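These notes are about the structure you will find just below.
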């Protein structure tokens with residue numbers, strides 16, 4: 001077990017190192033991205049530019065600059081943004097993380113519950129009009145770009161029908177912390193949750209249906225039916241559990257990716273100051289420290305989620321467990 | 001759709017002018033809620049070079065001089081602020097003696113002293129202020145401070161006398177814009193003990209009617225009243241109306257418009273083009289259109305073919321259809337076709353359009369009429385540059401891409417093989433400045449720090465502002481003409497004693513520069529803001545934009 005953990009840790013460090021080197025080099029190799037000129041300000045004199053270059057260490061060899069940035073990011077945690085010079089990127093990410101977590105968790109609850117219902121019902125009624133209708137709805141959800149859906153949701157809830165009883169409860173764009181007002185938190189997030197969940201509902205419902213249909217003819221399902229179990233019990237207890245393996249695997253990756261900043265478009269459209277929007281702002285301002293920090297943050301989550309999914313496999317699928 | 005927008009906004013121009021009344025006496029109260037797309041960056045007024053900060057900190061900090069915070073024309077020069085009068089130049093314009101107004105206090109209660117002024121001038125060198133070189137290095141000792149900021153003393157350059165409250169400046173050469181430069185935010189007066197480093201998210205102590213009490217760069221800023229503020233001049237630094245000002249950052253412009261329409265915020269600036277018709281139709285009394293001193297232009301690299309050929313540069317100036325550019329910019333109410341690099345309303349501006357149908361260099365038109373493609377094609381034929389490849393570098397923003405595409409079509413019409421390359425807006429400005437990138441045409445814009453012809457002509461086209469191999473070389477055209485340089489120098493010198501004569505010379509510089517056509521001036525934009533119906537009255541100026549202290553909310 002210890003060996004597995006160490007192996008996973010080694011993989012994580014290797015992945016983070018590779019990604020950070022790539023981000024660093026690509027950024028510096030792009031013409032026009034030298035932070036010196038932006039920090040010094042437009043029309044700054046050559047003397048001022050040289051001073052800024054020296055003070056920020058941009059005149060030092062690249063490996064030294066890289067090592068300094070990594071030290072400030074991971075050890076001293078005092079890496080400051082180049083765009084907002086008083087802003088330390090690690091606390092900034094720590095402030096943004098709960099917003100992203102709130103968004104992703106709420107959306108996950110919706111998409112997991114709705115897609116399980118949709119997928120199971122579609123499988124139970126396979127090849128009937130119910131199945132086809134549900135899968136068509138799923139396909140529509142899958143096809144709608146989230147930024148468009150978000151803008152339309154905003155148009156309906158914030159503009160066209162904001163003054164009506166239907167949506168007058170929707171607060172303005174932005175995040176309301178749970179600690180400040182649980183009801184406000186819910187109201188601010190419910191539309192973004194639904195918007196973000198739509199895409200995943202379509203995808204997950206289709207995957208689950210396909211898996212359920214494929215396990216229907218498996219030996220263990222026949223055995224369960226032969227034992228006289230009710231069709232509902234066979235479907236939910238025996239079929240669903242096995243079919244959830246791809247579902248869980250995808251969920252782990254998708255959720256980790258969302259926590260790591262993948263809900264960027266939803267956050268931008270709804271003005272939620274999460275990790276995704278922070279990354280978006282960092283890219284817009286070509287702010288290397290913040291780009292680096294958010295990429296590292298995202299990578300950590302994806303690697304950790306991979307590990308977690310492996311553990312859940314063991315619990316869910318006896319074949320994996322026994323095979324080890 | 002486009003036509004509709006133009007009509008709506010034209011219709012409300014009269015309404016937008018009506019708000020520009022002299023403010024009523026203060027009746028304080030309320031919270032003013034502002035929405036912004038980008039954060040303000042560092043709050044240090046001696047370092048920050050962003051419009052957001054300039055606008056907000058205009059009511060937090062003061063200089064010895066300032067620009068009027070009341071409605072009026074764009075070309076108004078600096079007026080006294082912490083100083084009680086604009087001093088008369090002595091020693092042929094080399095010496096200025098300021099006397100501080102008595103009784104002014106910082107927001108920590110400490111009185112403003114002459115030593116604070118001297119320390120602030122030293123600090124702007126110590127913190128590597130962007131304008132330390134171009135605006136203040138001609139103070140005696142300034143050059144030494146630029147070379148060695150840590151040991152900056154400005155000895156012999158700024159002499160403070162706390163007993164009499166006087167500060168004397170000695171310059172190495174006369175400067176007709178020195179009062180304007182002291183009014184710029186980098187010359188804000190801070191307490192002498194303000195740390196000599198970028199203060200980042202912590203706002204230094206100021207003297208204005210408000211102080212910044214909290215700041216999260218990616219989300220919000222809160223301003224509250226400065227308890228020690230007493231109005232000393234209603235034009236320089238009027239007392240504020242709202243009790244506090246809350247600025248929220250990070251919303252996209254579409255959401256900002258909707259939020260202001262719903263009354264969730266009270267002000268947003270930069271109404272997107274696709275929402276202008278809507279706000280013009282439904283919220284006309286709440287729309288504000290503000291003049292500002294800016295120019296959007298295509299810089300032509302005079303050191304790279306084909307625009308190292310004067311005839312090719314002139315041809316493109318004749319051929320560009322400014323009517324289309326104005327439409328891309330939102331229509332004639334919010335965009336004015338530009339014929340020269342000096343924007344309308346700027347000191348020294350005289351209507352003169354060399355490159356329009358029916359105009360000649362001897363008899364310029366008053367304003368742009370139509371492109372002269374016949375003359376343009378003739379010039380291209382004479383230049384022998386047809387058939388060459390031309391790449392336009394443009395910021396990857398919707399409006400700029402449309403203009404770049406239009407320019408590409410114009411170049412194709414003229415016989416070039418033209419293409420467009422778009423780059424992230426943040427990187428583009430640095431990219432086109434660096435001569436190593438050998439650009440041919442770069443689309444960009446420039447706005448004034450203070451109302452002066454030199455802010456455009458000398459800054460963008462003098463030999464001194466072309467720095468090869470540097471991302472900080474604002475002379476993007478790489479233009480250097482020693483005759484025009486000498487004329488600019490003469491205009492600056494004459495203006496020290498006779499501003500009107502100086503302005504006449506700057507108008508001559510502008511004409512001579514356009515004859516050389518180092519750029520294609522495209523248009524001058526007006527800023528479109530939207531107010532909520534809670535705002536009873538407001539004030540905007542060309543330099544600061546909205547003056548938030550003068551917003552009265554219900």
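Residue numbers (the UniProt record's numbering), protein chains in the order written: chain U, 1 to 324; chain V, 1 to 554.
Backbone N, C-alpha and C define an ideal beta-carbon position, used for all residues, glycine too.
Given the structure is predicted, the values throughout are model-derived calculations rather than measurements.
Note: residue 302/V is not bridge-paired with any residue in the DSSP secondary-structure output. Counting C-beta pairs with one atom in each stretch, the stretch 249–263 of chain U and the stretch 208–218 of chain U have fewer than three that are closer than 8 Å, which means they do not touch.
With respect to chain V, the C-beta atom of residue 71/U has no partner C-beta closer than 8 Å. Linking residue 243/V to residue 147/U through their CA atoms gives a straight-line distance of about 37 Å. Interface flag for residue 341/V against chain U is unset, since no Cβ pair is found closer than 8 Å. In the displayed model, residue 130/U falls within a helix according to three-state DSSP. In the DSSP secondary-structure assignment, residue 552/V is bridged to 537/V.
Using a Cβ-Cβ cut-off of 8 Å, residue 30/U is close to 427 of chain V, given in chain order. Contact annotation for residue 431/V against chain U: 31 and 32 [CB-CB distance below 7 Å, chain order].
The stretch 86–106 of chain V and the stretch 195–207 of chain V touch, with three or more beta-carbon pairs separated by less than 8 Å. If you check the CB distance, residue 157/U and residue 274/U do not come in under 8 Å. Looking at the DSSP output, residue 215/V bridges to 221/V. The beta-bridge partner set that DSSP reports for residue 99/V consists of 166/V. Judged by beta-carbon spacing, residue 329/V lies beyond the 8 Å limit of residue 519/V, meaning their Cβ atoms are not closer than that value.
In the DSSP assignment, residue 85/U falls outside any beta strand (DSSP E), carrying neither H nor E. A contact between stretches requires three or more CB pairs, one per stretch, nearer than 8 Å, and the stretch 316–334 of chain V fails this requirement with the stretch 444–460 of chain V. The beta carbon of residue 84/U sits closer than 8 Å to some beta carbon of chain V. By the Cβ rule, the stretch 264–282 of chain U counts as touching the stretch 96–110 of chain U, because three or more pairs are nearer than 8 Å. The continuous stretches of alpha helix (DSSP H) do not include residue 478/V, and DSSP gives it neither H nor E.
Between residue 384/V and residue 369/V, the C-beta spacing is not below 8 Å.
Annotation: residue 194/U to residue 140/U spans about 15 Å, alpha carbon to alpha carbon.
For residue 146/V, the nearest CB of chain U lies under 8 Å from its own CB, placing it at the interface with that chain. For residue 37/U, a Cβ of chain V is located within less than 8 Å of the residue's own Cβ. Around residue 137/V, the beta-carbon contacts reaching into chain U at under 9 Å are 45 and 47. When beta bridges are read from the DSSP output, residue 210/V appears opposite 225/V. Look at the beta carbons and you see the stretch 123–139 of chain V touching the stretch 165–182 of chain V: at least three pairs across the two are nearer than 8 Å.
Within chain V, the residues placing a beta-carbon under 8 Å from that of residue 52/U are 128, ordered along the chain.
Contact of residue 87/U with chain V is assigned, a C-beta pair being separated by under 8 Å.
Pairing residue 286/U with residue 427/V gives a Cβ-Cβ distance under 8 Å. With contacts defined by Cβ atoms closer than 8 Å, residue 265/V and residue 290/V do not form a contacting pair. By the Cβ test, the stretch 300–307 of chain V is in contact with the stretch 433–442 of chain V, since at least three Cβ pairs between them sit closer than 8 Å. Only those residues of the stretch 216–242 of chain V whose C-beta falls short of 7 Å from the nearest C-beta of chain U are listed: 217, 218 and 219.
In this structure, the alpha-carbon of residue 216/V lies about 55 Å from that of residue 128/U. Runs of the alpha helix (DSSP H) lying entirely within the stretch 364–420 of chain V, each at least 4 residues long, are 373–383 and 398–413 in chain order. Residue 4/U sits exposed, since fewer than 16 C-beta atoms from the chains shown fall within 10 Å of its C-beta. Annotation: residue 157/U is outside any alpha helix (DSSP H) and is labelled neither H nor E by DSSP.
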